[in-house]
Amino acid sequence: MSAYTATVTVRLKQGVLDPEAETTKRALERLGFELSGLRSADRFEVDLDATDEDAARERAGEMAERLLANPTIHDYDVEVAPRE
Amino acid sequence: MTVSVVRFGGSNCDRDALRALEDLGIDAEIVWHEDGLPADTTGVMLPGGFSYGDYLRAGAMAARSPVMDEVRELANEGVPVLGVCNGAQVGCESGLTEGAFTTNASARFQCEHVHLRVERTDTPWTTGYEAGEVIELPIAHGEGRYEISEDRLTQLETQDRVLFRYCDADGNLTDEANPNGSKHNVAGVVGERDSVAVLMPHPERAALADVGGTDGRPLLRGFAAE
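Here it is in structure tokens:
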């Protein structure tokens, strides 16, 4: 078994309205910043032990499928890195 | 017959639901989710509130608690299940119903009375209404915008599973009358069975004449429907 950190990033699917991001964008504009868009995402860093990187990725992917993301509104991706 | 009103940590409409059901002469009791559903459960109400502090997403945690396996099992047997507000979020998160209730388009918590058009009158929840009737119920939510892919929404509409839509006082489906930006003004839907329904507005807050009107009473009578 090796130690990994799986980073799961959960985003709203393209086309799904993100009122919080819109509000944040407007607040940045009020502060005088110029920007043409803003998207927000949730990032989960999961420490786990697995036989290899693929197994770690698969387990983290299942976590996203079953809880971290809601497939109706979210897309997600998983990145795995060895953990010291 | 006993309707189990499932209380999660953070539920806050459980007692309102109990009182409304009792006033209708429907036997009901509050059930702590960890205790599981009593054997004599003949209906399940998932009440409003902020279960688990809306951590992760509204309803996400409660939807994955063990009691929901029991709820799903009963739902598949045809036992009536009604999810209101947070209960509706739990219902969608648990797969009892399709779609998701997420952040209002306004990004604000909204507490107001809305008009709803009754889209179907042949479900246990809506036999007490006239076809196309406009009713008034309160909403109180920050995450009530109904989201679903266009494909799934088309399918849902083809299968006639939209129960209520936000409308104006005359029953017109307008953007102004849509309080939270829900797709196609959807306020409530039924699951695979008509006996499973979720909606964001609160029928239990419109069940006693002295407080909030009585337009929610026919809906709650769905628990007593044969």
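Residue numbers (the UniProt record's numbering), protein chains in the order written: chain E, 1 to 84; chain A, 1 to 226.
Every residue gets a Cβ at the ideal spot worked out from N, C-alpha and C, and that includes glycine.
These figures come from a predicted structure and were not determined experimentally.
Quick one: which chain E residues come within Cβ less than 9 Å of residue 11 (chain A)?
-> Result: empty, since nearest Cβ-Cβ is about 20 Å, beyond 9 Å.
Verify the CB distance criterion: does residue 250 (chain A) have a CB-CB separation below 7 Å to chain E?
-> Because chain A is modelled from 1 through 226, residue 250 (chain A) falls outside the range shown and cannot be assessed.
From the DSSP output, in three-state form, read off residue 45 (chain A) for me.
-> strand
Hey, does residue 147 (chain A) have any beta-carbon neighbour from chain E nearer than 7 Å?
-> yes
What whole-angstrom Cβ distance do residue 8 (chain E) and residue 68 (chain E) have, given they're in contact under 8 Å?
-> 5 Å
Look at residue 145 (chain A) and residue 104 (chain A) and say whether their C-beta atoms are less than 7 Å apart.
-> yes
Whole-angstrom distance between residue 53 (chain A) and residue 76 (chain E), CA atom to CA atom | 23 Å
Tell me whether residue 79 (chain E) is buried or exposed, calling it buried when 16 or more other Cβ atoms sit within 10 Å of its Cβ.
-> exposed
Would you mind giving the Cβ-Cβ distance between residue 100 (chain A) and residue 148 (chain A), rounded to the nearest angstrom? I have them listed as a contact below 8 Å.
-> 7 Å
Does DSSP put residue 121 (chain A) in a helix, in a strand, or in coil?
-> coil
Given a limit of 9 Å on CB to CB distance, which residues of the stretch 38–51 of chain E reach chain A?
-> 42
Starting from residue 227 (chain A), follow the alpha helix (DSSP H) in both directions and report where the run begins and ends.
-> Any property of residue 227 (chain A) remains undetermined from this structure, which presents chain A solely from 1 to 226.
Helix, strand or coil: which one does DSSP assign to residue 158 (chain A)?
-> helix
Are the C-beta of residue 100 (chain A) and some C-beta of chain E separated by less than 7 Å?
-> yes
What are the boundary residues of the alpha helix (DSSP H) that residue 90 (chain A) is part of?
-> 86–93
Minimum C-alpha distance to residue 9 (chain A) - residue among A:159, A:30, A:42 | A:30
Any 3 or more C-beta pairs closer than 8 Å across the stretch 51–64 of chain E and the stretch 14–22 of chain A | no
Beta-ladder partner(s) of residue 102 (chain A), from DSSP | A:145
Leaving out five residues before and five after residue 14 (chain A) in sequence, what residues of the same chain have Cβ atoms less than 6 Å from its Cβ?
-> 5, 7, 30, 47
Would you kindly report the start and end of the unbroken beta strand (DSSP E) that includes residue 49 (chain E)?
-> 41–50
Between residue 224 (chain A) and residue 217 (chain A), is the Cβ-Cβ spacing less than 7 Å?
-> no
In terms of residues, what are the limits of the beta strand (DSSP E) holding residue 29 (chain A)?
-> 28–32
Looking only at its own chain, which residues have a Cβ that is under 7 Å from the Cβ of residue 83 (chain E), when we skip the five neighbours before and after it?
-> 3, 4, 5, 47
Strand pairing of residue 6 (chain A), partner residues [DSSP] = A:31
Run of the beta strand (DSSP E) containing residue 61 (chain E), from where it starts to where it stops | Premise fails: residue 61 (chain E) lies in the alpha helix (DSSP H), 53–63, not in any beta strand (DSSP E).
Contact residues within the stretch 75–98 of chain A, judged by C-beta distance below 8 Å to chain E | 92, 93, 98
With distances taken from CA atoms, which of A:164, A:156, A:178, A:186 is nearest residue 110 (chain A)?
-> A:178
Nonlocal neighbours in the same chain, by C-beta distance under 8 Å from residue 37 (chain A), ignoring five residues either side = 4, 6, 31, 44, 67, 70, 71, 74
Report the option in A:124, A:51, A:141, A:1 whose CA atom is closest to the CA atom of residue 200 (chain A).
-> A:141
Using a Cβ cut-off of 8 Å, pull out every chain E residue sitting near residue 64 (chain A), in sequence order please.
-> 66, 67
What number of angstroms, rounded off, separates the C-alpha of residue 123 (chain A) from the C-alpha of residue 32 (chain E)?
-> 54 Å
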